[in-house]
DNA sequence: CGAATGACCAAGC
DNA sequence: GGCTTGGCCATTC
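Residue numbers (the numbering used here): 19 to 123.
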């Protein structure tokens, strides 16, 4: 494997995620592409599972604009945090990516 | 090293 | 809108 991958694939993910401004959200695939690993969206999810405190993990959602967590793993907390930042979630549990999506990539 | 795992994604019905 | 299928990828066992 490459030294870069070896160093910590996760640290790259965290670096990108920390750049997401308050009130904005990004998708797993978006993060994956940002670190030069398109297709590694699943791995990004894995990284979020062990994320440090400084990482705004709650701003990461799936490509459909929905919270990918299950009620038992932290869905409620994520929804509450997003709401606190002004991100509106409709009745179907979806977020308008065109409005809240992070277009910095 | 092979097989399983998971906060994914796109396409089809 | 909701479910299924096949494909991706790093990490873990």
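Just so you know, even glycine gets a beta-carbon here, dropped at the ideal spot from N, CA and C. If you're wondering where the values come from, they're calculated on a predicted model, not measured in any experiment.
Just list the beta strand (DSSP E) runs in the stretch 48-103, keeping only unbroken ones of 3 residues or longer that don't cross its boundaries, in chain order. none
Could you compute how far the alpha carbon of residue 48 sits from the alpha carbon of residue 89? Residue mapping note: residue 48 aligns to position 30 of the first chain, counting from 1. Residue mapping note: residue 89 aligns to position 71 of the first chain, counting from 1. So the two alpha carbons sit approximately 24 Å from each other.
Is the beta carbon of residue 52 closer than 8 Å to that of residue 123? Here residue 123 is taken as the residue at index 105 of the first chain, counted from 1. Here residue 52 is taken as the residue at index 34 of the first chain, counted from 1. Yes, the Cβ-Cβ distance between residue 123 and residue 52 is below 8 Å.
Given 8 Å, three or more beta-carbon pairs between the stretch 99-118 and the stretch 71-86: yes
Near residue 103, which residues of its chain fall below 6 Å by C-beta distance, leaving aside the five closest residues on each side in sequence? As a working note, residue 103 is residue 85 in the first chain. Contacts found: 40 and 41.
Validate contact between the stretch 92-100 and the stretch 52-71 using beta carbons, cut 8 Å, 3 pairs: Under the Cβ criterion (8 Å, minimum of three pairs), the stretch 92-100 does not count as touching the stretch 52-71.
Sheet register partners of residue 107 (DSSP bridge): As a first step, residue 107 must be located in the first chain, where it is residue number 89. Beta-bridge pairing links residue 107 to 113.
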